[in-house]
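Listed in order, the protein sequences are those of chains A and B. Quick note on the numbering used here: the first sequence kicks off at 1 and runs consecutively. Quick note on the numbering used here: the second sequence kicks off at 1001 and runs consecutively.
2 protein chains.
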Amino acid sequence: MDRNYNLALIGFGNVNRTLADIIHRDGAALEKELGFSLTITAITDLRYGSVVNPRGVDLDRALACGEGDTFANLDGGQETCNNQDVICSDIADIIVEATFTNPDDGEPGLSHVRWGLESGKSVCTTNKGPAAFAAHELAELANKNAVRFECEGAVMSGTPVIRLAHGPLKGVGIQGFSGILNGTSNYVLTRMESGLTQQEAIVEAQELGYAEADPTADIGGSDVRLKVTLLANELWGTQLRAQDVPTHGITAITEEEIKEAEANGTHWKLIGQAHRGDQGQVIASVGPQRLETRHPLSGISGATNAVMFDTLYLGPVTISGPGAGREETAYALISDIVAIDHFYQTQER
Amino acid sequence: MDRNYNLALIGFGNVNRTLADIIHRDGAALEKELGFSLTITAITDLRYGSVVNPRGVDLDRALACGEGDTFANLDGGQETCNNQDVICSDIADIIVEATFTNPDDGEPGLSHVRWGLESGKSVCTTNKGPAAFAAHELAELANKNAVRFECEGAVMSGTPVIRLAHGPLKGVGIQGFSGILNGTSNYVLTRMESGLTQQEAIVEAQELGYAEADPTADIGGSDVRLKVTLLANELWGTQLRAQDVPTHGITAITEEEIKEAEANGTHWKLIGQAHRGDQGQVIASVGPQRLETRHPLSGISGATNAVMFDTLYLGPVTISGPGAGREETAYALISDIVAIDHFYQTQER
Chain A
1 MDRNYNLALI GFGNVNRTLA DIIHRDGAAL EKELGFSLTI TAITDLRYGS VVNPRGVDLD
61 RALACGEGDT FANLDGGQET CNNQDVICSD IADIIVEATF TNPDDGEPGL SHVRWGLESG
121 KSVCTTNKGP AAFAAHELAE LANKNAVRFE CEGAVMSGTP VIRLAHGPLK GVGIQGFSGI
181 LNGTSNYVLT RMESGLTQQE AIVEAQELGY AEADPTADIG GSDVRLKVTL LANELWGTQL
241 RAQDVPTHGI TAITEEEIKE AEANGTHWKL IGQAHRGDQG QVIASVGPQR LETRHPLSGI
301 SGATNAVMFD TLYLGPVTIS GPGAGREETA YALISDIVAI DHFYQTQER
Chain B
1001 MDRNYNLALI GFGNVNRTLA DIIHRDGAAL EKELGFSLTI TAITDLRYGS VVNPRGVDLD
1061 RALACGEGDT FANLDGGQET CNNQDVICSD IADIIVEATF TNPDDGEPGL SHVRWGLESG
1121 KSVCTTNKGP AAFAAHELAE LANKNAVRFE CEGAVMSGTP VIRLAHGPLK GVGIQGFSGI
1181 LNGTSNYVLT RMESGLTQQE AIVEAQELGY AEADPTADIG GSDVRLKVTL LANELWGTQL
1241 RAQDVPTHGI TAITEEEIKE AEANGTHWKL IGQAHRGDQG QVIASVGPQR LETRHPLSGI
1301 SGATNAVMFD TLYLGPVTIS GPGAGREETA YALISDIVAI DHFYQTQER
């Protein structure tokens, strides 16, 4: 087993840092499990600058970088962050993109992905932006350059949704899907069922690290909207735009409504859904729904996420698992790299 | 798209009959979706005899065969059923095995699968027997002959479990699993929660076609035991034997216990489970368990089945969907054929 991929990590926040830590700590075990090895040859980050080293970045020292530190003291390091140069150079085989998502235009991740694919590298990302705004363009760009674009982690972190649909469910006739795609809002609804007010539940979610300091995107539904857009476009190759998905959050759900629903054996859930219309168009929406106890998504509680596929041959098939978390999302990147390796292996034969 | 596979259907009961009907009815749409065509060149069945036709069996007439009819009047047909001759001949590329399972030794399916693999054909089956009794041997036999053995439908009919584990969840570190793997017993438990006695619920399940005339294997747990054995051996390449899995059914669960559990916000479920011990050994069991409402399997009701994987990187990941049904199980065979095609395509490059 002599196969190795050189990785350039773009962004060194929680997710890519955890990936680096897994490769540093468990590299040998991972190589045994996957059948190939991984070397991190570049890292860039707005805070720390960049480091490029064809023999492999010194991960001990990179991982030790904290607030106020830079990569300047590392072998091959410098204080400035030059994403485009690193992505377009020959330092890596695979670009691992994990920067933040701007919900209005998908940048800067979208440019990072474009640069990678255009310069002949496969790219994986946990970022919702690129596939939500340009799934079709990026798939064509990857195709043209005989590389892959993978973004499994952007939907439910490590819980595989896109890959379940394209792999084991191939040919099953997926007509639509409904999902619980935001852990924070689901946690808040679950805690409101235990008697907390929405505000109390949000504060608790923030204390537990589920919710951002500004929980607007989670509670207001715009995070789910991006995921629904991304998933629909990945499933069907369509060009749905986020701004065309009618979206309501859970802000308007009162404690009384939660109580009344529970008394009737139902549960309020924030549901993102899409299905194909008669002419192949995509009809999508995001909003709170009251689900009967027997509904497959009704029992999905706390920070767990789930997607129920409506299929022609099987009826409903549901997958549930974590929807967030550092290690879970880092694992999604590993699963993307496995898919990229599989692509290269089948291409080369 | 000129790729075609010739299929020999062994057994012409509900499942293979439905597969033949799908190919007959939707062949063109299926070919478009899958990228290859399917031709049924042989069918054998204990009741109807056998029919072999290199240009394709006349499916109109084969599907019209009912009680008391035989294949003798079809082009290439005869009254006797010669499974071994058909399987070992060159009439087909893929053997599609869907006979009954003898829970004591896995026959006759096990021999059918062996003959197919030994004579250089890929084999798919919905039969629990072969993989429950000889997963390891059959994997080696397939490997040696550069063909595939697939049995996704034997666990949860069309709902993918084995393929989810080996594909999208590769590298996630599956430490164990628990599942609701029998639709009849789960339906009975669900209906007992609505106030029926166990006997009433069994009769209802029989009337709906879920339960066999003799429901012993469903209610007594031996069906689940075979599935747990099969799944463990497929996941980990182990050689667990069904007789080593301690098994209890739901017969002893009383209406009072069901009521008491519900009053405490819990649900009785028949759980099949296995995990790996410290030395890599498999520890498996089948029996009723009282699950808290928040447990991922607690809300799986009626004839739905589910498997929860315990994973190292993601924690619990659960898939649920139909666990039985003609069309659902026939779809499992199509998904097996897709996997076989993928294998050949990657081999040939």
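Where is the CB? At the ideal position from N, CA and C, for every residue including glycine. Please read all numbers here as calculations on a predicted model, not as lab measurements.
Could you name the residues of chain A that residue i contacts, counting a contact when the two beta carbons are closer than 7 Å?
i, result
"Glu1222 of chain B", "According to the sequence as given, residue 1222 of chain B is Ser; it is not Glu. Chain A residues near Ser1222 of chain B: none, gap ~25 Å exceeds 7 Å."
"Tyr1313 of chain B", "Gly158, Glu327, Glu328, Tyr331"
Report yes or no: is there a C-beta of chain A within less than 7 Å of the C-beta of residue i?
i, result
"Ser1185 of chain B", "no"
"Arg1025 of chain B", "no"
"Val1317 of chain B", "yes"
"Gly1334 of chain B", "According to the sequence provided, residue 1334 of chain B is Ile. The question's Gly does not apply to it. At least one chain A Cβ lies under 7 Å of Ile1334 of chain B."
"Leu1034 of chain B", "yes"
"Gly1167 of chain B", "yes"
Mind checking which residues open and close the beta strand (DSSP E) that includes residue i?
i, result
"Ser49 of chain A", "Before going further, note that residue 49 of chain A is Gly rather than Ser in the sequence given. Element bounds for Gly49 of chain A: 49–52."
"Thr1311 of chain B", "1304–1311"
"Tyr1210 of chain B", "Note, Tyr1210 of chain B: premise wrong, no beta strand (DSSP E); not H, not E."
"Gly1315 of chain B", "1315–1322"
"Glu118 of chain A", "Segment 109–118 is the alpha helix (DSSP H) holding Glu118 of chain A; no beta strand (DSSP E) there."
"Ser351 of chain A", "In this structure chain A extends from 1 to 349, so residue 351 of chain A is not present and cannot be described."
"Gly959 of chain B", "Residue coverage of chain B in this structure runs from 1001 to 1349, which leaves residue 959 of chain B outside it and unanswerable."
"Glu97 of chain A", "94–97"
"Ala8 of chain A", "4–10"
"Val123 of chain A", "122–125"
Quick one: which chain B residues come within Cβ less than 7 Å of residue i?
i, result
"Val338 of chain A", "Lys1170, Gly1171"
"Arg294 of chain A", "Ser1301"
In terms of residue numbering, what span does the alpha helix (DSSP H) encompassing residue i cover?
i, result
"Gly153 of chain A", "153–156"
"Gly218 of chain A", "The identity of residue 218 of chain A in the sequence shown is Asp, whereas the question assumes Gly. From DSSP, the alpha helix (DSSP H) with Asp218 of chain A extends over 216–219."
"Ile1258 of chain B", "1255–1263"
"Asp1223 of chain B", "1222–1236"
"Gln84 of chain A", "83–88"
"Asp1135 of chain B", "For the sequence presented, residue 1135 of chain B should be read as Ala rather than Asp. Ala1135 of chain B -> alpha helix (DSSP H) spans 1128–1144."
So, does the CB of residue i fall closer than 7 Å to a CB anywhere in chain B?
i, result
"Gly13 of chain A", "no"
"Glu327 of chain A", "yes"
"Met1 of chain A", "At Met1 of chain A, the pLDDT of 49 sits below 50, so the modelled position is not reliable and the matter cannot be decided from this model."
"Leu141 of chain A", "no"
"Gly176 of chain A", "no"
"Arg351 of chain A", "As shown, chain A starts at 1 and ends at 349. That puts residue 351 of chain A outside it, with no answer to give."
"Ser320 of chain A", "yes"
"Tyr5 of chain A", "no"
What in chain A is Cβ-close to residue i, meaning under 9 Å?
i, result
"Thr1346 of chain B", "His342, Gln345, Thr346, Arg349"
Kindly list, in the order they appear in chain A, the residues whose Cβ is closer than 8 Å to that of residue i.
i, result
"Leu1009 of chain B", "Result: empty, since nearest Cβ-Cβ is about 18 Å, beyond 8 Å."
Please list, in chain order, the chain B residues whose beta carbon lies closer than 9 Å to that of residue i.
i, result
"Ser298 of chain A", "Gly1299"
Inter-stretch contact (C-beta, 8 Å, three-pair minimum) for the region 1195–1203 of chain B and the region 1311–1318 of chain B: No, the region 1195–1203 of chain B is not in contact with the region 1311–1318 of chain B.
The region 1177–1193 of chain B in contact with the region 1301–1308 of chain B per 3-pair CB rule at 8 Å: Taking a contact to require three or more Cβ pairs closer than 8 Å, the region 1177–1193 of chain B and the region 1301–1308 of chain B qualify as touching.
The region 1249–1262 of chain B touching the region 1153–1164 of chain B, judged by at least three CB pairs closer than 8 Å: Contact between the region 1249–1262 of chain B and the region 1153–1164 of chain B is absent, because fewer than three Cβ pairs lie under 8 Å.
Three CB pairs or more closer than 8 Å across the region 337–345 of chain A and the region 1007–1025 of chain B: Verdict: no, contact absent.
Segment contact, 8 Å Cβ cut-off, at least three pairs: the region 1102–1109 of chain B with the region 1062–1074 of chain B: Under the 8 Å Cβ criterion, the region 1102–1109 of chain B does not count as touching the region 1062–1074 of chain B, having fewer than three qualifying pairs.
Length at least 4, wholly inside the region 154–192 of chain A: the alpha helix (DSSP H) runs in chain order: Runs found: 162–166.
Sufficient close CB pairs (3 or more, under 8 Å) joining the region 1219–1239 of chain B to the region 1078–1086 of chain B: Counting C-beta pairs closer than 8 Å gives fewer than three between the region 1219–1239 of chain B and the region 1078–1086 of chain B, which falls short of the contact rule.
Any beta strand (DSSP E) of 3 or more consecutive residues that is wholly inside the region 28–67 of chain A: Taking only runs of at least 3 residues, the beta strand (DSSP E) segments lying wholly in the region 28–67 of chain A are 37–45, 49–52.
Three or more C-beta pairs below 8 Å linking the region 322–330 of chain A and the region 143–159 of chain A: For the pair of segments examined, the region 322–330 of chain A was found to touch the region 143–159 of chain A: the number of CB pairs separated by less than 8 Å reaches three.
Meets three-Cβ-pair contact criterion under 8 Å: the region 1244–1253 of chain B and the region 1278–1291 of chain B: Result yes; three or more Cβ-Cβ pairs closer than 8 Å.
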